[in-house]
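Scroll down for the structure; my scribbles are underneath it.
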Amino acid sequence: MRYSILLEDADGVSYFEDREVDFELKTFAPPAAPFLVSKEVDAARIAFLCLPAGWKGVQHRSPKPQLATVLSGTFRVQAGTGEIRDFKTGDLFWAEDVTGTGHASSAEGGEPANLMITQFQ
């Protein structure tokens with residue numbers, strides 16, 4: 038399983054990196070048979086966002102380290118480097134750009150972008 042993460046360089050400029058989720062065979066929900074499970078990460082809160090069709094945000098930092106799960110629509114993110122990525126239904130986008138220049142985001146494709154945000158400590 039692959040996801041994109043938005044990190045910051047030493048100058049505070051955000052950039053994308055691609056990562057793979059590491060799994061191990063575990064008993065997660067006994068008495069169900071073992072299956073592949075990732076490392077667990079403690080979460081602080083979740084929120085659902087609906088970005089209206091055509092919404093365009095200004096450059097901003099992530100308020101906390103957070104994971105966006107795109108539920109529907111197209112969520113576009115432009116990193117500080119200028120690279121643009123479109124995230125669609127089912128895509129995961131992890132943002133850790135909490136101190137630098139941040140990123141810009143928008144809802145593309147003529148429809149709302151619906152997201153579930155999981156924030157971490």
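My numbering applies: residue 38 is where the sequence shown begins, and numbers increase by one. Ideal Cβ positions, reconstructed from N, Cα and C, are used throughout, including at glycine.
Thinking C-alpha only, which one of the options is nearest residue i?
| i | options | result |
| --- | --- | --- |
| Val95 | Asn151, Glu45, Arg113 | Arg113 |
| Gln115 | Ala81, Glu54, Lys63 | Glu54 |
| Ala84 | Ala70, Asp134, Gln103 | Gln103 |
| Ala144 | Glu77, Ile121, Leu43, Thr138 | Ile121 |
| Pro100 | Leu108, Glu77, Gly137 | Gly137 |
| Thr118 | Tyr40, Asp48, Met38, Arg39 | Asp48 |
| Ile42 | Trp131, Gln158, Asp79, Leu108 | Trp131 |
Verify whether the separation of the beta carbon atoms of residue i and residue j is less than 7 Å.
| i | j | result |
| --- | --- | --- |
| Arg56 | Gln156 | no |
| Leu129 | Thr106 | yes |
| His140 | Ser75 | no |
| Ala90 | Gly127 | no |
| Arg98 | Asp134 | yes |
| Ala70 | Gly110 | no |
Residue i by DSSP, collapsed to three states: which one?
| i | result |
| --- | --- |
| Phe65 | coil |
| Met153 | strand |
| Ser207 | As shown, the chain starts at 38 and ends at 158. That puts residue 207 outside it, with no answer to give. |
| Ser75 | strand |
| Asp123 | strand |
| Val135 | coil |
| Leu95 | Here residue 95 is Val; the residue named in the question, Leu, does not match the sequence. If DSSP states are grouped into helix, strand and coil, Val95 belongs with coil. |
Where does the unbroken beta strand (DSSP E) through residue i begin, and where does it stop?
| i | result |
| --- | --- |
| Asp55 | 51-57 |
| Val107 | 103-109 |
| Trp131 | 129-132 |
| Ser143 | 141-145 |
| Ala84 | 82-88 |
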